[in-house]
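Notes for the one structure printed next.
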Amino acid sequence: MDAVKPPDIEITAPEPVVAPEVPQPSDSFQEKPPETANMDPAWASKFNNSSKEREYLARTAWLLLDAGTSALRTVFDSVHPPLNLRDHLAQAHVRSVLVRLHEEQKVLTDNQWKLLYPLKKKHVLSQKYDSHLLLTLLQSVCHLCPPYPNGWHALPMSTDSSLAADIVRMQLLYQQVASMESMAIDEYTRIWRQASEVLFRLGGPPIRVKIHRIEHEVMTPEMQTHYITTFMTAWGDGRKLISSPKSADSLRRARRNRQAKHSNDQNGLSPEDKAVWRKVHKMLVDNIVADDLLDRLQQNQVIKFSDRQEILSITKNSERMVNLLNKILNSKNSTAFKALLEAMKYKYKKIHEEVVQIRKETYKNGVRDNVDVVGVVSEVLCNHYKQNYNKCQPFPWNESVTVNIRDIYTPLDILNSDGKRLHLHDFCPPPTTNGRGPRVMLEGASGSGKSVLCQTVSYLWGSQKSFFRHRYPIFLHVDLQTMEGGFYESLYERLIPAGFSLDLSGFRSMLEEHSYDVMLLVDGYDDGSDVPELKTILSGESLRLATVIVAANPELISSGHFTPDSKMFCMGFSQTNAIKCVTNFLEQFKANIEHHEDFLGIMANEKWALRPYLNLPIVVLLVFGYYQTTKKPKLLEIETVTGLFESYGISMAMHLCKKQKIDVIGYEFPEDIITGVEKLGNFAFNTLLSNRKAFGEDELTLEIENPNAFKLCAFSKFMLGSKVKFLCGLMQDFLAAKHLADFVMDDIVKTIKDNGMTKKPKFTQVVSLLSGLYRFDYDTSVLRAIFTELAVRNIRQTRVPTGHDTETSSSEKKLRPPSGQIMDFNTSLQSLIECQSRDDVCKIVAQSLPPNILVRREGLIPSKCLYALQNVLRFEDNRLTHLEFHLQPMYMYQQSQFNDIAIAAARNKNLTSLKVQWSSLDLMSKFMCTFMTETDHIEHVTLEDVCRKPLTTVPASTWAALQTTCENMSKASRVSFINSKVAAVTYFVLQHLPHSVEELDLHGCAMNMMCSSEISGKLEKSTTLEKLDLTGAHLSGSEFVPILQGLKLCSTIKHLKMCGAKLDRLAVDALSECLKLTRSLQVLDLSECQLTTDMCQKLAGAIVQNRTLQRLVLKKTKVTSEGREAISHTKLDQVKVVGLDENVHVVNAM
């Protein structure tokens, strides 16, 4: 904008344009075009310019008329909303200003005055205001201060991006274009760029669409003439504008005041105001509505219009207040906090008085320490993270390669509890708004990349201050596996440099005092429950307001140790990112990607047995290490994770021998290499038993006593100067399993029993990898002995029910089959997948599992578990008859695995019952679509809605899958669709269910009249339906009438349950009529209903005329005393009334 030469606005009106002498018309008079008939001659001359320059002028005029007016109106409506505009203009002080502008200064025309104050007050609309009127109103009645230093009449400072400055820039642009007679290409480019920048700041993203359309749309000559004419009418007739003449003394005085204010503004809030801000932050967030403060804060230029839009885009008021208070804290205006107090003075008088009193005391006593301790600690932490993660060693077989962690990090799929992928920008949750700060658990399997993710997040926090959406001044990253001593002591020693002015006690006090500003990222929480200080933090006893994220392997922690507020899930790599990671690795070694296309092709091969495990970063790293250190890698021959670790170990041993120039024939390694492997396995086994994860180099040297053990690439020293850890937890497990595999069979079984390896989750991978090491051993019975121990454990984990499923008669009581949750059999299932080619061990596992498996967990289920369940279902001798699934939204990432399970279950001839509890309609529909399409017959299908959040939108693909599912329900005898919370979903299911279903359970479903009509149609057309359960259905009164009318025409219905139905007179009349006419109904259940005397009498009379009804169930039914007598005294010889003596009697007749 600096290049724009503003017109002189010191005068109230621009100089009139002197028109050239126009020749008199001759006899051969040619009539002027209508567009220029009443036009100023100077403007009329613009029509004679070249076509391109005329188009530039017209397009710029279009931009200012359309986008410019829209942006100005957006700003005006934000200050004075349309609903309150009439009242605002009617205020006396506002009207007096406008009267002066109209009558004295002649700035407002009569037409504009009529728009402001029409005869009919309801016609006061800002939509009718043009750009000239909007600029006048913004400068006069919108409480905007003229921009420093030249006010409304000259170009503002280039660094001033305030709302008032942009309004002045728009005014000058309008005047400049109005004074131009032509527009060359360079002028057009400059003015367009300047106008676009200002318009986007004023109008936000919607204006960008307008600007793009105006810039690229074709303009006909008629359009050019129209926009030039319209723009001239608004701005080319010498209209007056608001002037701001001032005396020399007043200008100098105002300049001095502004300079002093500008100097103060650069300093921001005083230390006292910052201290007050911290003290009252929670009180303001909990009790103040942000919308009540925005107008005054914007008028006082504490916040900008763009800040206002950002705040209003947030849904929750608490988050709005946090955002607003943070802007005030970071404001360079020293009076920002005082302006906040003024804004809340009238509506929040008590809070205002309390804050003012705190502020007075703070200014009176001063702040104890003017040093910004939080800022100093934040800077120290930034330097620590940047220094530590700037040079990492990701490849243990080549320590000469050091890279920045940001360069080696490949994006991981991170999901929230709703199954939505989170960008790394959103990794840090918003800080607390009330009560305890958020406690979040980041779940991920061993090798899924949690540690590298935590390190990357720490580096990004230290190196890019604006990277995360929610920025915390203090970010503490601690790895529990490398921690020594107390929690705070270890934290202080690792993160704070020696000689820092803040000691340990001061560090703790600072964290506690500023806990709102603290984010704690804890890695390696697998055994974190043993740290007492961490337990107090997680419970909120200390650092209550801090945000805490705990990264852990869910298989290794007990649910009772820590209950998070929410969860995130580290899923590892997507298929694309796994290949991207390998490509990144090749680039770090300066490799030509084209020379490795075969390797990348194998990585992308869907038929590769190891392909499902490439989501784990550790598997990708081992594959790359094996590929790079082996001359002729045979990747396609690797089928299991155990096989990968074996191949990696051999390749690293070969690599070591090559570096030492030792020739190896076959796999005949030198004795010192073999000894090194044995020492390494022994060390891994012992440290696993003692829960040690990180070690000093001296400690390793002392315990292993073999230098070659360190060179086998089993350890990782990811950061320079850090402690040594195993490459991954899986590496430690594999080495421990390999050590155990060297025992004789009796010692293996004894070690497993003595250490409870089949019981404790931390040994799950050890047992599974040990099984994998014996997958090709057919000569001994070691593998069978291992799986026999696992089978014993499975049987002990099986839950045998002690009660019965009570039905309406004792003859119908059925024992529930023995059951167990899938995670109870995690060890045996993961062990099975490591030796899935062995039918003998598959048979042992399949026959040790209970008939009923519950695939349910509050979190992700290990992929190996799901793959093993497929194998068990495919095995002919399995005992599975019942399957129950709880499909949560985050399982969408594992959809392909669940679809494979659906296919395997559908082809299982033993399966009789399938129950699916769904929190994701999409996943349930696709899972059931696959199952019902593949199965030949299933006795009972149950679909239960357990969604915690309301269903908002349903994709077309979900509707299609649900339709296919319902249409294939002809393969099921009994269908239960229960607790559906959306009537539209219930209706859709009923609409597509076949007429061949024998039993239909709609327990607890939300319904409407359309659902009732659909059920009625099913009853009329069905030739097989024998039982209908409407217990707890969301129907009332007359909505039951269509169902009961359809019941009269159904010749097969035997059992009707209407427990808890809200019956009225019409419904009971219809039920009575149905009982008189039906010839098949045998059981009627009206438990927990409410019946008046009249209803009871009608039902009793109808039952007398019925010849088929055998049981009438009235358990916990509310009836009057007269109604009870009406039923009990009626001669119902063939009907057994159940529960009439147990029900609740209402004394007064209803």
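UniProt numbering puts the sequence shown at residues 1 to 1150. For each residue, glycine too, the CB sits at the ideal point set by N, CA and C. Here the structure is a predicted model, which means the values were calculated and not measured.
Open item on the list: Please identify the residue among LYS1027, PHE337, ILE228 whose C-alpha is closest to the C-alpha of ASN300.
Closed with: Closest option to ASN300, Cα to Cα, is PHE337.
Task: Pair within 8 Å by beta-carbon distance, LEU849 and ARG816 - done: no
TODO: Confirm, please, whether the CB-CB distance from ILE351 to ASN434 is below 8 Å.
DONE: By the CB criterion at 8 Å, ASN434 and ILE351 fall outside the cutoff.
Open item on the list: Can you give me the C-alpha to C-alpha distance between ASP746 and MET823, rounded to a whole angstrom?
Closed with: 28 Å
Open item on the list: Would GLY485 and MET892 qualify as a contact pair, given that the criterion is a beta-carbon distance under 8 Å?
Closed with: no
Open item on the list: Helix, strand or coil for GLY524? Go by DSSP, reduced to three states.
Closed with: Taken through DSSP and simplified to helix, strand or coil, GLY524 comes out as coil.
Task: For HIS739, the nearest candidate out of TYR778, LEU866, LEU689, LYS693 (CA to CA) - done: LEU689
Open item on the list: Can you tell me where the beta strand (DSSP E) holding HIS1055 begins and where it ends?
Closed with: 1055-1057
TODO: Look up GLN1134 in the DSSP assignment and say whether it is helix, strand or coil.
DONE: In the structure shown, GLN1134 sits in coil (DSSP, three-state: anything other than H, G, I, E or B).
- [ ] Could you name the residues that DSSP lists as bridge partners for CYS947?
- [x] Answer is none; CYS947 lacks a bridge partner.
- [ ] Would you tell me roughly how many angstroms separate the C-alpha atoms of ALA736 and LYS465, rounded to the nearest one?
- [x] 43 Å
- [ ] Inspect the beta-carbon positions of GLY437 and ARG544 and report whether they are closer than 8 Å.
- [x] yes
Open item on the list: Tell me the rounded alpha-carbon separation between residue 1168 and VAL548.
Closed with: One cannot answer for residue 1168 here, as it falls past the ends of the chain, which runs 1 to 1150.
TODO: Using the Cα positions of PHE734 and SER318, report the straight-line distance between them to the nearest angstrom.
DONE: Cα to Cα, PHE734 sits roughly 49 Å from SER318.
Task: Sequence-distant residues of its chain with Cβ nearer than 7 Å to residue 1154 (five each side left out) - done: With the chain covering 1 to 1150 only, the question about residue 1154 has no answer from this structure.
TODO: Please classify PHE507: is it buried, with 16 or more other beta-carbons within 10 angstroms of its beta-carbon, or exposed?
DONE: buried
TODO: With DSSP as the reference, label residue 1202 as helix, strand or coil.
DONE: What is shown of the chain runs 1 to 1150, which leaves residue 1202 out entirely.
Open item on the list: Using 8 Å as the threshold, is the C-beta distance between SER306 and ARG201 below it?
Closed with: Inclusion of SER306 and ARG201 in the CB contact set at 8 Å is warranted, their separation being smaller than that value.
TODO: Leaving aside the five residues before and after ASP1029 along the sequence, list all residues of the same chain whose C-beta is less than 6 Å from its C-beta, in chain order.
DONE: ASP1001, HIS1003, LYS1057
Task: Nearest candidate by alpha-carbon position, reference VAL457, set ALA984, ASP523, ASN755, ASN398 - done: ASP523
Task: Residue from LYS725, PRO473, ALA339 whose Cα sits closest to the Cα of THR482 - done: LYS725
Task: At least 3 beta-carbon pairs within less than 8 Å: the segment 651-667 vs the segment 617-636 - done: yes
Task: For PHE585 and ASN398, the rounded distance between their alpha carbons - done: 12 Å
Task: Beta-carbon contacts of PRO25 that lie in its chain and below 7 Å, excluding the five residues immediately before and after - done: Residue confidence for PRO25 is low, a pLDDT of 35 falling below 50, so the modelled location carries little weight; the figure read from the coordinates is stated next. Excluding sequence neighbours, PRO25 sits near nothing in its chain.
Open item on the list: Quick check: LEU134 and THR69, are their CB atoms within less than 8 Å of each other?
Closed with: For LEU134 and THR69, yes; Cβs fall inside 8 Å.
Open item on the list: Distance check for HIS425 and LYS332, CA to CA, integer angstroms please.
Closed with: 26 Å
- [ ] Within 10 angstroms of the Cβ of GLU884, are there 16 or more other Cβ atoms? Answer buried if so, exposed if not.
- [x] buried
Task: Coil, strand or helix - SER448 by DSSP - done: coil
Open item on the list: Taking the beta carbon of ASP517 as the centre, do at least 16 other beta carbons fall within 10 Å, making it buried, or is it exposed?
Closed with: buried
- [ ] Since I believe LEU1109 is in contact with LEU1075 (beta carbons under 8 Å), could you give me their beta-carbon distance rounded to a whole number of angstroms?
- [x] 7 Å
Task: Chain-order list of residues whose beta-carbon lies under 6 Å from that of HIS886 (same chain, five-residue window excluded) - done: ARG856, GLN917
Task: Neighbourhood of ARG874 by C-beta, 7 Å cutoff - its chain only, sequence neighbours within 5 removed - done: ALA904
Open item on the list: Out of ASP295, GLU55, GLN870, TYR188, which one is the CA nearest neighbour of PRO81?
Closed with: ASP295
TODO: Take LEU125 and list the residues in its own chain whose beta-carbon comes closer than 8 Å to its own, dropping the five residues that flank it on each side.
DONE: PRO82, LEU85
- [ ] Use the C-beta contact count for MET39: other C-beta atoms within 10 angstroms, 16 or more gives buried, fewer gives exposed.
- [x] In this predicted model, MET39 has a pLDDT of only 47, less than 50, meaning its place in the structure is not dependable; the value taken from the coordinates is given anyway. Classification for MET39: buried.
Task: Backbone CA spacing between ARG1065 and ASN910 [nearest angstrom] - done: When rounded, the distance between both Cα atoms is 48 Å.
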